[in-house]
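Protein chains in written order, with the working numbering: chain A, 296 to 415; chain B, 898 to 1378. The C-beta atom is built at its ideal place from N, Cα and C for all residues, glycine as well. Notes for the one structure printed next.
Pasting the structure below:
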């Protein structure tokens, strides 16, 4: 079992580093927005970038505000809902969806979806 | 081949993807059967249609637990699925569901042997994740073809500490792990079909240094030979680079077996920022102690324990015990033979490692496809033990059994192969041979040992090979006095 002390800030950082993005300085700069957009393969205009920058910084400010709350003794959650994952039995029941799936595809051949050529 | 680098120490860690042998996918109920028509086993979840949700396969989790128990690891009572974000057409969601901070299996060890040296390789972790689909780059009018049958197939990624110090150690580890995952029935181990593939993290450092060098990761090595060649090549490349005044850049490299070289795939500068975060579609995976205990109760005896027991209970030599526990099928076969012929462990071992293995190799088949059963082999060996058959005759009967001619007793009967062990009958043959070969008798009495062997040969020939050779020896010597 991963153990952690009754939630000092440091312990929570260690256990849930994804809540504390290291690569993003706060507040964000416009270059950060450009990088995030690139990673998400979203094209945004300069004007959209400015608006997004303000919104993202508002979100970070809100996170800062929440982090100021004393959470001593509260176990961190990985999901807003409590409870645990339900499991299904290992049985293969799905029919062949290929024909229906191909009807959604802009290009296909011999049962394959065709996409612009990708080579590493 | 491998150049020697006395001034350098090689440091290797392996990441292995073992495809779990479930019937259905990790997050959907589509089949995982290999070789189906393209995209015929891609459900709405695998296709990432909007609004669908993943539901975790109990069978995949159970196999992860089995692995954790087999390597003496900690099974996390609570683990978390995370999204690994990147874009590639064979990954329709735009992320792979994996585990990051909290994997299902933590720690553990695998014992390896290189030459006479035993070594323990520490595992860092093993986590559950889904496989991607397959991209086909043959020419489709300048486009790539995508087959999503493999998308969502359950994988266990098994990560070691940087504990290996040579390509040979890395191969020994990979082979031990490969045998183990098949032994515990969580992976079919078929490397050609990609069910078991390794990535190697390789770095070098000056001998005596305790600081790790910059590492390169070599991806997708799907045979032990490629694993060994790729590491040896990469070690040479890094040392040459450093000795020539350069520095190793952390990057991902691909091994090209046709040219026996590795080449850069992507460097760390534009390395992927995968932006892992907990997958909101999945709640934490909770594994209760009673589930772990149920799985433990159903675990087969592990190879190491079985090996030790074969040595202890049946007096087998370490080499024999190791060979017989190379696969679970072989070990089960040996134990089934021995159960039918108690007390004859060495004889059973010799025949299985000798005649049976040789026939399997010749016919390129596995034990499961062998034309004879373990009980049938025991039936043959029983006739060796009771003196009905000589070793040579037993091999003839064995060949006939392998060819499907029936049980040992049926073949002995049909071919009249019973060994003559009746001293009266043998003495009669000896008398005839001695009478017909006075010259040999004379030579033997004159001190020529060769003449004795010639007489034995004559007796065996006269009995059509059926006389018990030991008895012939003893009786002949007695008669010649």
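Any C-beta of chain A sitting closer than 8 Å to the C-beta of residue i?
i: residue 931 of chain B; result: no
i: residue 934 of chain B; result: yes
i: residue 1037 of chain B; result: yes
i: residue 955 of chain B; result: yes
i: residue 1123 of chain B; result: no
i: residue 919 of chain B; result: yes
i: residue 944 of chain B; result: yes
i: residue 1311 of chain B; result: no
i: residue 1170 of chain B; result: yes
i: residue 1049 of chain B; result: no
i: residue 1097 of chain B; result: no
i: residue 958 of chain B; result: yes
i: residue 969 of chain B; result: no
i: residue 1304 of chain B; result: no
When the cut-off is 8 Å and only beta carbons count, does residue i lie next to chain B?
i: residue 410 of chain A; result: yes
i: residue 326 of chain A; result: no
i: residue 374 of chain A; result: yes
i: residue 380 of chain A; result: yes
i: residue 393 of chain A; result: yes
i: residue 332 of chain A; result: no
i: residue 401 of chain A; result: no
i: residue 389 of chain A; result: yes
i: residue 370 of chain A; result: no
i: residue 396 of chain A; result: yes
i: residue 317 of chain A; result: No answer about residue 317 of chain A holds up, because its pLDDT of 46 lies below 50 and its placement is not dependable.
i: residue 364 of chain A; result: no
i: residue 384 of chain A; result: yes
i: residue 407 of chain A; result: yes
i: residue 404 of chain A; result: yes
i: residue 413 of chain A; result: yes
Between residue i and residue j, how many whole angstroms is the CB-CB distance? I'm expecting something under 8 Å.
i: residue 1057 of chain B; j: residue 1019 of chain B; result: 7 Å
i: residue 1271 of chain B; j: residue 1233 of chain B; result: 4 Å
i: residue 936 of chain B; j: residue 1087 of chain B; result: Rounded, the Cβ-Cβ distance is 22 Å, inconsistent with contact.
i: residue 1068 of chain B; j: residue 1121 of chain B; result: 5 Å
i: residue 1048 of chain B; j: residue 989 of chain B; result: 7 Å
i: residue 1170 of chain B; j: residue 334 of chain A; result: 6 Å
What do you get for residue i, buried or exposed, if any count of 16 or more other CB atoms within 10 angstroms of its CB means buried?
i: residue 396 of chain A; result: buried
i: residue 909 of chain B; result: buried
i: residue 1211 of chain B; result: buried
i: residue 317 of chain A; result: Only weak support is given to the placement of residue 317 of chain A: the predicted model assigns it a pLDDT of 46, under 50, and the question is left unresolved by the model.
i: residue 1013 of chain B; result: exposed
i: residue 1260 of chain B; result: exposed
i: residue 1357 of chain B; result: buried
i: residue 922 of chain B; result: buried
i: residue 1191 of chain B; result: exposed
i: residue 1126 of chain B; result: buried
i: residue 1336 of chain B; result: exposed
i: residue 1300 of chain B; result: exposed
i: residue 1218 of chain B; result: buried
Starting from residue i, follow its DSSP beta bridges and name the residues at the other end.
i: residue 1096 of chain B; result: B/912
i: residue 1009 of chain B; result: B/1016
i: residue 440 of chain A; result: The requested residue 440 of chain A does not occur in the structure, where chain A is confined to residues 296 to 415.
i: residue 1024 of chain B; result: B/1054
i: residue 975 of chain B; result: B/1183
i: residue 1113 of chain B; result: B/1099, B/1148
i: residue 906 of chain B; result: B/1102
i: residue 983 of chain B; result: Its beta-bridge partners do not exist; DSSP assigns none.
i: residue 921 of chain B; result: B/928
i: residue 954 of chain B; result: A/383
i: residue 990 of chain B; result: Beta-bridge pairing links residue 990 of chain B to no other residue.
i: residue 403 of chain A; result: A/408
Within 8 Å, do at least three Cβ pairs link the segment 1142 to 1156 of chain B to the segment 1101 to 1117 of chain B? Touching, yes.
Within the chosen definition, does the segment 1302 to 1318 of chain B reach the segment 1350 to 1357 of chain B through at least 3 CB pairs nearer than 8 Å? With a cut-off of 8 Å, the segment 1350 to 1357 of chain B and the segment 1302 to 1318 of chain B do not count as touching, because too few Cβ pairs lie within range.
Check whether the segment 1068 to 1083 of chain B and the segment 1098 to 1117 of chain B are in contact - that is, three or more C-beta pairs closer than 8 Å. No contact exists between the segment 1068 to 1083 of chain B and the segment 1098 to 1117 of chain B.
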